[in-house]
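**Q**
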Amino acid sequence: MTDEKDRPETRAITAGRMSDTHFGAVNTPVYRASTILYPDMAAIKANKQPYTYGRRGTPSTQSFDDAISDLEGAARTCTVTSGIQAIGLAILSVCGAGDHLLMVDSCYEPSRILCDRTLKRFGIETTYYAPGDDIAAHLKPNTKAVFCEAPGSLTFEMQDIPAIAKAAHAHNNGSGGASVLMDNTWATPLFFQPLKHGVDLSIQAATKYIGGHADVMLGYVAANARHAARLHQVHGDLGLFASGDDCFLGLRGLRTLAVRLARHQETGLTLARWLQGRPEVARILHPGLSSDPGHTLWKRDFSGACGLFGVILQPASEAAVAAFVDGLQHFGIGYSWGGFESLIVPAHIKRTAKPFAAEGPVLRIHAGLEDAGDLIADLEQGLARMKDAS
Ligand SMILES: *Cc1c(COP(=O)(O)O)cnc(C)c1O
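Just so you know, we're using my numbering here: the sequence shown kicks off at 547 and counts up by one.
Now the structure itself:
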């Protein structure tokens, strides 16, 4: 159904459709199944039918996987029940006992915990590199994977993904170079296609923008041809899958992703620019702003920005920040992001490779689909409360 020439916005609409086998239904309906029947003994012996057992896929999961593979330019996509599960799956597809993983210091914090606790227990060693580092200096003879996330969680630092991929692939580790893994949740496959920039395994917390409505947990790993078989094998061995209901919600979200993202981007930039002009704000962390140190890389490689960014306030007391945040009407206080609603959370930045210097308290804002003027009025009143509480 999809044409290589079509732009991602069009492919998000056409990819993964199976109307011809579903009585014309536009989006693939929900399949709930464990047992899938075979017609006879010969069929079960051949084990060649498209669906064999619920855990290994149904038309609902297949539609989602196919749509994602199309958008990512992937040989295969494996879907799981959360973004963090996708991160674990990607790492276990390329690393084993005795291997070294080079992880970006600005990663999503649960990724760090997974590496430092559980993966360590299984003999995978992780060291951290600063997002702007030349990784060549950090590669070890047993480095099997380099993990990227750009812009990084909480601090939004960009990375030179093609340069990292080049150095990782050229690494002499006795097994054809180190694999490059990237958590691309911020940009989504609409605004950055990791595999086209040298990444081997592209990871997405589909819980965020692909789901888009704060009501589903979903994640996936999309692999290039060289990594597809191993990814599929580990996904199967660990018994990972996502339900037909959740894949259906992911697919439904995907169909409107482009219009939602355009609005999240616009409102995010509007709020970021407004905040940048306020005396209570020290600095905005958003690679889409021309003042941002990552702007040149973002402009070179990405085709857009989502609605998530950081704000570093001027030094302020905890009580003053609470007066700002607690009274907001349109910004919920909560984790996750990518839904239709605006959110705000305090950011606690953890770094081990290179410290991150912040002038004052850091907040993370998700610009939702509300009217930007209403959101600015809300923030303005919040900053006034902060001043009164100072
Ligand atoms: C939320 C998030 C994840 C994890 O996704 P879950 O579905 O919550 O497990 C991974 N990476 C990034 C950058 C995230 O923001």
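Beta carbons: idealized from backbone N, C-alpha and C, even for Gly. Everything numeric in this text was worked out from a predicted model, so none of it was measured.
Where DSSP assigns a beta bridge to Met704, which residues make up the other side?
**A** In DSSP, Met704 forms no bridge with anything.
**Q** Considering only heavy atoms of ligand 1, does any lie closer than 6 Å to the CB of Ile630?
**A** Under cutoff, so the answer is yes.
**Q** Confirm the yes/no value for this check: CB of Thr940, any heavy atom of ligand 1, distance under 6 Å.
**A** The structure shown does not extend to residue 940, since the chain is modelled only from 547 to 936, so the question has no answer here.
**Q** Which whole-angstrom value is the C-beta distance of Ala788 and Leu817, which I expect to be below 8 Å?
**A** Not quite, the Cβ-Cβ distance comes to about 33 Å (not below 8 Å), so this is no contact.
**Q** Mind checking which residues open and close the beta strand (DSSP E) that includes Val857?
**A** That run of the beta strand (DSSP E) goes Leu854 to Leu859.
**Q** Would you say Gly873 and Arg931 are within 7 Å of each other, going by their C-beta atoms?
**A** In contact: Gly873 and Arg931 (Cβ atoms closer than 7 Å).
**Q** Helix or strand or just coil, what does DSSP make of Met649?
**A** Note: Met649 maps to strand in three-state DSSP.
**Q** What are the residues that DSSP puts in a beta bridge with Ile749?
**A** Partner(s): Asp729 and Val767.
**Q** For the alpha helix (DSSP H) that Cys793 lies in, which residues bound it at each end?
**A** Counting along the chain, the alpha helix (DSSP H) containing Cys793 begins and ends at Gly790 to Arg801.
**Q** What did DSSP end up calling Cys641 once you bin it into helix, strand or coil?
**A** Residue state, collapsed to three classes: coil.
**Q** Please report the distance separating the alpha-carbon of Asp792 from that of Tyr881.
**A** Each residue's Cα considered, the two are about 20 Å apart.
**Q** By DSSP, does Ile890 sit in helix, in strand, or in coil?
**A** Of the three classes helix, strand and coil, the one that applies to Ile890 here is strand, per DSSP.
**Q** Does DSSP put Lys594 in a helix, in a strand, or in coil?
**A** Reduced to three states, the DSSP call for Lys594 is coil.
**Q** Since Ile659 is in the beta strand (DSSP E), which residue starts that stretch and which ends it?
**A** First-last for Ile659: Glu655 to Ile659, but that is the alpha helix (DSSP H), not the beta strand (DSSP E).
**Q** So what's Val576 in DSSP terms, helix, strand or just coil?
**A** Coil, per DSSP.
**Q** Are Arg557 and Asp616 closer than 7 Å when you measure CB to CB?
**A** A contact, by the Cβ cut-off of 7 Å.
**Q** If you draw a straight line from the alpha carbon of Met649 to that of Phe693, how long is it in whole angstroms?
**A** One C-alpha to the other measures close to 5 Å.
**Q** In three-state terms, what does DSSP make of Gly878?
**A** Three-state result, Gly878: strand.
**Q** Give the secondary structure of Phe870 by DSSP, where H, G and I count as helix, E and B as strand, and everything else as coil.
**A** Three-state DSSP puts Phe870 in a helix.
**Q** Give the range of the beta strand (DSSP E) segment to which Ala828 is assigned.
**A** That run of the beta strand (DSSP E) goes Val827 to Leu831.
**Q** Ordered along the chain, which non-local residues of its own chain (more than five positions away) have a Cβ less than 7 Å from that of Gln595?
**A** For Gln595, where only same-chain residues beyond five positions count, the Cβ hits under 7 Å are Tyr584 and Ala589.
**Q** May I ask you to report which of helix, strand or coil DSSP gives Ile710?
**A** Three-state DSSP puts Ile710 in a helix.
**Q** Around the C-beta of Ser888, are 16 or more other C-beta atoms found within 10 angstroms, so that it is buried, or is it exposed?
**A** With 16 or more Cβ atoms within 10 Å of its Cβ, Ser888 is classed as buried.
**Q** Just to confirm my understanding: we take Gly629, look at its own chain, exclude 5 residues before and 5 after, and list those with CB closer than 6 Å. What are they?
**A** Counting only Cβ-Cβ distances below 6 Å, and skipping sequence neighbours, we find Ala751, Thr753 and Gly765.
**Q** Quick check: the stretch 902 to 911 against the stretch 857 to 873, are at least 3 beta-carbon pairs closer than 8 Å?
**A** A contact exists between the stretch 857 to 873 and the stretch 902 to 911.
**Q** Can Leu797 and Phe702 be called in contact, C-beta distance under 7 Å?
**A** Contact flag unset, no.
**Q** Helix, strand or coil for Leu909? Go by DSSP, reduced to three states.
**A** Reduced to three states, the DSSP call for Leu909 is strand.
**Q** Beta-carbon within less than 7 Å of His841's beta-carbon, same chain only, minus the 5 sequence neighbours each way: which residues are those?
**A** So the qualifying residues of the chain are Pro833 and Leu835.
**Q** Spatial neighbours of Ala620 within its chain, please: C-beta separation below 8 Å, excluding the five flanking residues on both sides.
**A** Once the five neighbours on either side are set aside, the close Cβ partners of Ala620 are Ile614, Leu741, Ser748, Ala768, Ala769, Asn770 and Ala774.
**Q** State whether the stretch 910 to 926 contacts the stretch 806 to 822, with contact taken as three or more CB pairs (one from each stretch) at a distance under 8 Å.
**A** Yes, since at least three Cβ pairs between the stretch 910 to 926 and the stretch 806 to 822 fall closer than 8 Å, the two stretches touch.
**Q** Can you round the beta-carbon distance between Ala561 and Asp612 to whole angstroms, since I take them to be within the 8 Å contact cut?
**A** That belief holds up - the Cβ atoms of Ala561 and Asp612 are roughly 7 Å apart, short of 8 Å.
**Q** Ends of the alpha helix (DSSP H) at Thr734?
**A** Here the alpha helix (DSSP H) through Thr734 covers Thr734 to Phe737.
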